[in-house]
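Take a look at the structure set out below.
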Amino acid sequence: MLNLPAIFDNTKVYNNMSKDIRIKKGLNINLVGAAEQTTSKAVLSNVYALNLDDFHGITPKMLVKQGAEVKAGEPLFFNKSQEDMLFVSPVSGELVEIVRGARRRILTLKILADKTQEYVAHGPLDLAAMDAESLKAFLLKSGVWPFVKQRPYDIIANPESTPKAIFISGYTTAPLAAESDYVLQGKEAELQAAITALGKLTPGKVHVSVGKSDNSPLEKMQGITLHKVSGPHPAGLVGTQINKIDPINKGEVVWTIAPQDLIIIGELLLTGKFNAERTIALTGSVVKAPKYYTTKIGAEISTFLYASGVHQDNYRLINGDVLTGAKSHPEGYLGFYNNTVTAIPEGDDYEFFGWNKPIFNKVSTTRALTFSWMQPKKKYDLTTNTNGEHRAFVVTGQYEQVFPMDIYPLQLLKACMVKDLDEMEQLGLYEVAPEDFSLTEFICISKQPHQQIIREGLDLLHQEIG
Amino acid sequence: MGLKEKLHQTKLKYQGKKMAPAFNAIHTFLYAPNETTHSGSHVRGADDLKRTMNTVIMSLVPCLIFGMFNAGYQQYAAINGFPADFSIMEHFLTWDNFLIGAATILPLVVVSYGIGLAVEFVFAVIKGHEVEEGYLVTGMLVPLIVPVDTPLWMLAIAVIFGVVIGKEVFGGTGMNILNPALTIRAFLFFAYPTWMSGDKVWVHGAVDGVTKAGSTDAISGETVLGYLAQGNTAEMAQKYDLADMFFGFIPGSVGETSTFLILLGGLFLIFSKIASWRIMLSAVLGSLAMGLIFNGIVAAEWIPEYSKFYSLMSFEYWQHLLVGGLAFGIVFMATDPVTGSQTNRGKWIYGFLIGFMSVMIRVFNPGYPEGVFLAILLMNVFAPTIDHYVVRGNIKRRMKRLKNATIYPKVTEGAEALKTETV
Numbered sequence: 001m002l003n004l005p006a007i008f009d010n011t012k013v014y015n016n017m018s019k020d021i022r023i024k025k026g027l028n029i030n031l032v033g034a035a036e037q038t039t040s041k042a043v044l045s046n047v048y049a050l051n052l053d054d055f056h057g058i059t060p061k062m063l064v065k066q067g068a069e070v071k072a073g074e075p076l077f078f079n080k081s082q083e084d085m086l087f088v089s090p091v092s093g094e095l096v097e098i099v100r101g102a103r104r105r106i107l108t109l110k111i112l113a114d115k116t117q118e119y120v121a122h123g124p125l126d127l128a129a130m131d132a133e134s135l136k137a138f139l140l141k142s143g144v145w146p147f148v149k150q151r152p153y154d155i156i157a158n159p160e161s162t163p164k165a166i167f168i169s170g171y172t173t174a175p176l177a178a179e180s181d182y183v184l185q186g187k188e189a190e191l192q193a194a195i196t197a198l199g200k201l202t203p204g205k206v207h208v209s210v211g212k213s214d215n216s217p218l219e220k221m222q223g224i225t226l227h228k229v230s231g232p233h234p235a236g237l238v239g240t241q242i243n244k245i246d247p248i249n250k251g252e253v254v255w256t257i258a259p260q261d262l263i264i265i266g267e268l269l270l271t272g273k274f275n276a277e278r279t280i281a282l283t284g285s286v287v288k289a290p291k292y293y294t295t296k297i298g299a300e301i302s303t304f305l306y307a308s309g310v311h312q313d314n315y316r317l318i319n320g321d322v323l324t325g326a327k328s329h330p331e332g333y334l335g336f337y338n339n340t341v342t343a344i345p346e347g348d349d350y351e352f353f354g355w356n357k358p359i360f361n362k363v364s365t366t367r368a369l370t371f372s373w374m375q376p377k378k379k380y381d382l383t384t385n386t387n388g389e390h391r392a393f394v395v396t397g398q399y400e401q402v403f404p405m406d407i408y409p410l411q412l413l414k415a416c417m418v419k420d421l422d423e424m425e426q427l428g429l430y431e432v433a434p435e436d437f438s439l440t441e442f443i444c445i446s447k448q449p450h451q452q453i454i455r456e457g458l459d460l461l462h463q464e465i466g
Numbered sequence: 001m002g003l004k005e006k007l008h009q010t011k012l013k014y015q016g017k018k019m020a021p022a023f024n025a026i027h028t029f030l031y032a033p034n035e036t037t038h039s040g041s042h043v044r045g046a047d048d049l050k051r052t053m054n055t056v057i058m059s060l061v062p063c064l065i066f067g068m069f070n071a072g073y074q075q076y077a078a079i080n081g082f083p084a085d086f087s088i089m090e091h092f093l094t095w096d097n098f099l100i101g102a103a104t105i106l107p108l109v110v111v112s113y114g115i116g117l118a119v120e121f122v123f124a125v126i127k128g129h130e131v132e133e134g135y136l137v138t139g140m141l142v143p144l145i146v147p148v149d150t151p152l153w154m155l156a157i158a159v160i161f162g163v164v165i166g167k168e169v170f171g172g173t174g175m176n177i178l179n180p181a182l183t184i185r186a187f188l189f190f191a192y193p194t195w196m197s198g199d200k201v202w203v204h205g206a207v208d209g210v211t212k213a214g215s216t217d218a219i220s221g222e223t224v225l226g227y228l229a230q231g232n233t234a235e236m237a238q239k240y241d242l243a244d245m246f247f248g249f250i251p252g253s254v255g256e257t258s259t260f261l262i263l264l265g266g267l268f269l270i271f272s273k274i275a276s277w278r279i280m281l282s283a284v285l286g287s288l289a290m291g292l293i294f295n296g297i298v299a300a301e302w303i304p305e306y307s308k309f310y311s312l313m314s315f316e317y318w319q320h321l322l323v324g325g326l327a328f329g330i331v332f333m334a335t336d337p338v339t340g341s342q343t344n345r346g347k348w349i350y351g352f353l354i355g356f357m358s359v360m361i362r363v364f365n366p367g368y369p370e371g372v373f374l375a376i377l378l379m380n381v382f383a384p385t386i387d388h389y390v391v392r393g394n395i396k397r398r399m400k401r402l403k404n405a406t407i408y409p410k411v412t413e414g415a416e417a418l419k420t421e422t423v
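Which chain is which? The protein sequence lines are X and W, in order. Reading the first sequence from the start, the letters are residues 1 to 466 in full-length UniProt numbering. Reading the second sequence from the start, the letters are residues 1 to 423 in full-length UniProt numbering.
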C-alpha cells in the first residue's frame with residue numbers, strides 16, 4: 001500500500017540529489033577487541049585536561065591564570081589569529097596546571113574538577129530566529145566552534161569563510177572505532193538541533209552519510225541530503241565521501257563535523273549548557289572487557305581503562321583508533337575529538353627471520369607468503385611493530401588498491417615531500433586530510449610516514465597560499 | 001644470553017657509529033627489527049621491502065636451477081649431438097649436467113652478489129643510510145641474463161659499473177632511472193661486444209675450444225635467434241622444435257631459456273600481487289602485435305625472401321615469446337616498479353611498447369642477439385614521461401571541475417567589497 005503522506009513528509013529528507021556511495025577499493029582491518037555494545041558510566045575523573053596538540057595550528061592566548069576557578073563552558077583561552085574563537089573548560093573547577101614545553105609553548109591545561117558541576121548558562125536561544133552571523137558568533141563564544149573542521153587544510157574551520165557544503169559521516173569503518181549508530185542512539189533531538197543550526201551556516205547542502213543498515217538516528221534528520229554508504233574502510237571517512245559526493249575544488253571550502261560532536265553542539269543549543277559528556281568506546285586486544293563508557297572530554301583515561309582491565313603491561317594506549325589516533329598513556333586524558341580509546345600490544349621485539357617466513361597473524365594486501373587473504377573474516381591481534389624498516393618508495397600500484405579517491409596517492413605524497421606547491425595543488429591536496437592516507441600508510445611496504453607527509457604538505461600550502 | 005639479546009646489545013653499541021648500517025643489514029637479515037610506529041598509523045601491514053624482494057627471488061629460483069641443468073645439457077649436446085630419443089630424466093635432469101652447470105653458474109651468482117652487495121655496503125656506510133634490498137633481486141637477475149661463459153672479471157666490472165652508475169649515483173634503491181640489472185647487461189654487451197655475441201659464449205666450453213666428440217671441430221652453440229638472424233631457419237628447425245623452445249632445452253643466457261618456468265614465476269608474482277600483471281599482459285600483447293605486423297609484411301610479399309630480415313620476419317609471431325630473453329624480460333625486468341611506469345594506465349602503455357619494440361629491435365638489428373634489454377632500457381627512460389601524461393589527465397579533470405566551483409567570498413572580504421562599493 002502506498003503511504004502518500006509519509007512520502008511527502010520525507011521529501012525534505014530524501015532529497016532526490018542524494019546518491020548512494022559504493023566504495024570498492026579499501027581494506028577492512030579486523031582486529032581483536034571490538035567494544036561490546038553496552039555502556040557504563042565511567043568513574044568521575046578528578047582532573048580533566050585539554051591537550052593543545054588536538055587543535056592543530058592554533059596559537060593559544062590564555063584568558064585565565066593558573067589557579068583560577070572556572071565553570072564548565074567558561075573560556076580558558078582564545079585563538080591568537082581569530083580572537084573571537086574561544087576554547088572553554090569541559091568541567092567546572094580550578095585550573096591547577098598549565099603545562100608548558102619548549103619556548104614556553106602551552107601543551108596541556110589541567111582542571112581539578114569540582115564535586116558539583118556548575119555550567120555557564122547561555123540563556124534561552126531562539127534557534128529559528130537566529131541568522132547565520134549571530135549563530136556563528138554564539139558558537140564561537142560558547143566554545144563549540146572548534147568541533148567544526150574545514151577542508152582544505154584539515155584545521156578548525158575559519159569562521160570568516162562560507163562553506164559550499166557541510167559533511168557529516170555517520171558511517172564507521174575504521175578498525176575498532178566507536179560505532180556511530182550506537183553512540184548516537186537516543187540523541188535525535190540534539191542531532192537535529194545541531195544540524196538545523198549548521199544548515200544556516202552554508203548556502204549549500206548538509207550531506208549526511210550513513211551505513212546501509214537503516215538504524216542510524218541520523219537518517220531521520222530534517223534538512224539534510226542523505227547518502228547511504230557501503231564498502232570497506234575508508235568508506236566511512238568523510239574525505240572519501242566528499243570526494244564521491246562533491247569534491248573540493250581550489251578556492252572552495254567545506255566543513256566537516258563528527259557526529260558525536262553534534263550532540264554537544266545540539267545540547268548547547270537546546271539547553272544553553274556546554275556539556276562535554278560523550279559516549280566513548282574502549283577497545284583493543286589488550287583491554288579485558290572492551291565496551292562503551294560515558295565520560296567527558298579531557299577525562300583521565302585511567303578512570304575507565306582500569307574498570308575494564310588490561311591483559312598485559314607492555315601496551316600502547318591510543319587516543320583514537322589505531323590508524324589515526326594519537327599516542328597516549330594510561331595517565332593521559334581523553335582527546336577533544338576522540339570517542340575511541342584503543343589499547344594494543346607494543347611490538348618492540350625482534351622476530352627471527354620475520355622478513356621471509358610465512359605470516360598468518362598479520363594483515364597484508366599481498367600474498368607474498370602472507371595469508372590474510374585466505375581468511376577475510378579472521379580477527380587479528382596486531383602490535384605496534386612496523387614489520388620492517390623505512391625505505392624509499394619502491395613498489396607502485398599498491399596504494400591505489402585501498403585508495404578510493406580520484407587522486408594519485410603516490411604522486412601526491414611525492415609532491416608533498418619535494419614541497420612542489422603547484423603539483424600539490426593540482427594533484428588534489430585540497431581534498432585530503434592526513435587520515436585519508438592512514439590506510440595507504442598501513443599497507444606501505446616502504447614504511448613511509450604518509451600522514452605526516454600530508455600534514456606537512458597541508459601546513460606548507462596553508463602557510464604559502466592561505 | 002641468547003643470540004637475540006647479544007645482537008640487540010651489539011646494535012646498541014654500534015648505534016650512531018659509521019659501521020652501523022653494515023651491522024644493521026646483517027642484523028635485520030636475521031631478525032625483523034624491534035622498531036615500533038611513532039607517527040601516523042599505529043599498526044602496519046605485514047609486508048616490507050625484504051619480503052617483497054624475497055618473493056621475486058623465490059620466483060627466480062626455478063629458472064636458476066633449470067639453468068644449471070641446461071648448461072650441462074647444452075655442453076653435452078654440443079659435444080655429442082642431440083640425443084635422438086630425448087628423455088628428460090635420462091638426458092636432462094642428470095647429476096652430470098647439474099654439476100657442470102653448477103660449477104659454471106654458481107661462480108656467476110657468487111660474484112654478482114658478492115661484488116654488488118660489497119658496493120652497496122660501502123655506499124651505505126659512506127652515506128650513512130641503511131643497506132637497501134634492491135640488490136637482492138638485481139644480484140639474482142644478473143647471473144640469469146648473462147651467457148654461461150661470461151668471464152668472472154668481466155661480470156665483476158659490469159656489476160660495479162651497474163650498481164654505481166645505474167643506481168647509487170641517483171641515490172640508491174628507489175631513485176634509479178634505469179634497471180640496474182639491465183644496465184649491467186648492457187655494459188657487458190657494449191664493452192665486450194665480440195665476447196658477448198656470436199655463437200661461442202652460450203655453451204659452456206665453446207670459447208675454450210672444447211671439441212666435438214670424435215672430431216677436432218670446436219663446439220658451437222648458436223641460439224635460436226642467432227640462426228634466424230643468419231637466415232638458417234631450416235637448420236634451426238631441425239635442431240629445436242617448439243617444445244624445446246617452450247620448456248627451454250635451447251642455448252641462451254643462463255636463466256632465460258625456459259619459457260615454461262618463466263611463465264610459472266610470472267603467475268606466482270601476479271598471484272602474490274608483487275609484480276604488475278598489467279605490464280606483463282600488455283608487453284605480451286605488444287610483442288604479439290609487432291610479430292603479427294612482420295608476419296603480415298611477409299604474407300603480403302613486401303620483402304623478398306633473400307632479404308636479411310626475411311627469416312626473422314617470417315618467424316611465427318607468437319613464437320617470439322618462446323625464444324631469446326623476451327619472456328624473461330617481460331616477467332622479471334619490465335615489471336621493476338622503480339624504473340617502470342608508476343601509474344596503472346601508464347603501465348599498459350609502458351608494457352605494450354616494451355613488447356612492441358623488443359620484437360622490432362630483434363628483427364631489424366641482427367647485430368643484437370636480443371632486443372628486449374634495449375627495449376626495456378629505452379622505456380625506462382620514457383616511463384616518467386608516460387606517467388607525466390597520465391597524471392596530467394587527472395589534473396585536467398580537476399581543472400575542468402574547477403569551472404563549476406562554488407567559491408564564497410570570506411565574510412571580511414565581502415564586507416570590504418561592500419564598503420568599496422558604497423564609497
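The beta-carbon is built from N, C-alpha and C at its ideal position, and this holds for glycine as well.
Just to confirm, are residue i and residue j a CB contact at a threshold of 8 Å?
| i | j | result |
| --- | --- | --- |
| Gly-266 (chain X) | Ala-178 (chain X) | no |
| Thr-406 (chain W) | Lys-164 (chain X) | yes |
| Thr-52 (chain W) | Ile-445 (chain X) | yes |
| Ser-438 (chain X) | Gln-451 (chain X) | yes |
| Asn-52 (chain X) | Leu-107 (chain X) | The question names Asn, but residue 52 (chain X) is Leu in the sequence shown. It is a contact, given that the beta carbons lie within the stated cut-off. |
| Tyr-337 (chain X) | Gly-298 (chain X) | no |
| Arg-278 (chain X) | Lys-296 (chain X) | yes |
Measuring only the C-alpha atoms, how far is residue i from residue j?
| i | j | result |
| --- | --- | --- |
| Thr-36 (chain W) | Ser-302 (chain X) | 23 Å |
| Ala-34 (chain X) | Ile-344 (chain X) | 12 Å |
| Lys-25 (chain X) | Gln-398 (chain X) | 11 Å |
| Val-363 (chain X) | Asn-344 (chain W) | 24 Å |
| Gly-324 (chain W) | Val-146 (chain W) | 12 Å |
| Gly-174 (chain W) | Ala-181 (chain W) | 14 Å |
| residue 431 (chain W) | Ala-124 (chain W) | Absent from the model: residue 431 (chain W). The displayed extent of chain W is 1 to 423, so no value can be given. |
Using only alpha-carbon positions, find the residue among the options that is nearest to residue i.
| i | options | result |
| --- | --- | --- |
| Gly-67 (chain W) | W:Phe-247, W:Ala-218 and W:Ile-79 | W:Phe-247 |
| Gly-171 (chain W) | X:Gly-143, X:Thr-324, X:Ala-392 and X:Leu-191 | X:Ala-392 |
| Val-163 (chain W) | W:Gly-134, W:Leu-152 and W:Val-148 | W:Gly-134 |
| Tyr-292 (chain X) | X:Asn-28, X:Arg-22, X:Thr-38 and X:Leu-429 | X:Thr-38 |
| Ser-215 (chain W) | W:Val-372, W:Phe-29, W:Val-109 and W:Asn-80 | W:Asn-80 |
| Gly-272 (chain X) | X:Leu-50, X:Leu-135, X:Gly-57 and X:His-462 | X:Leu-135 |
| Glu-464 (chain X) | X:Ile-454, X:Gln-451 and X:Asp-422 | X:Asp-422 |
| Ala-368 (chain X) | W:Lys-17, W:Asp-47 and W:Lys-6 | W:Asp-47 |
With 16 other CB atoms within 10 Å as the buried threshold, where does residue i fall?
| i | result |
| --- | --- |
| Glu-235 (chain W) | exposed |
| Gln-448 (chain X) | buried |
| Asp-336 (chain W) | buried |
| Leu-458 (chain X) | buried |
| Pro-409 (chain X) | buried |
| Phe-352 (chain X) | exposed |
| Arg-105 (chain X) | exposed |
| Asp-436 (chain X) | buried |
| Ile-126 (chain W) | exposed |
With a CB to CB cut of under 7 Å and the five nearest residues on each side skipped, what residues in its chain are close to residue i?
| i | result |
| --- | --- |
| Leu-228 (chain W) | Met-236, Ser-311, Leu-312 and Phe-315 |
| Gln-342 (chain W) | Asp-387 |
| Phe-360 (chain X) | Phe-371 |
| Ala-156 (chain W) | Val-111 and Ile-115 |
Output needed for residue i: all residues of its chain with C-beta closer than 8 Å, excluding positions within five of it in sequence on either side, in chain order.
| i | result |
| --- | --- |
| Trp-355 (chain X) | Gly-388 |
| Leu-353 (chain W) | Gly-286, Ala-375, Met-379 and Phe-382 |
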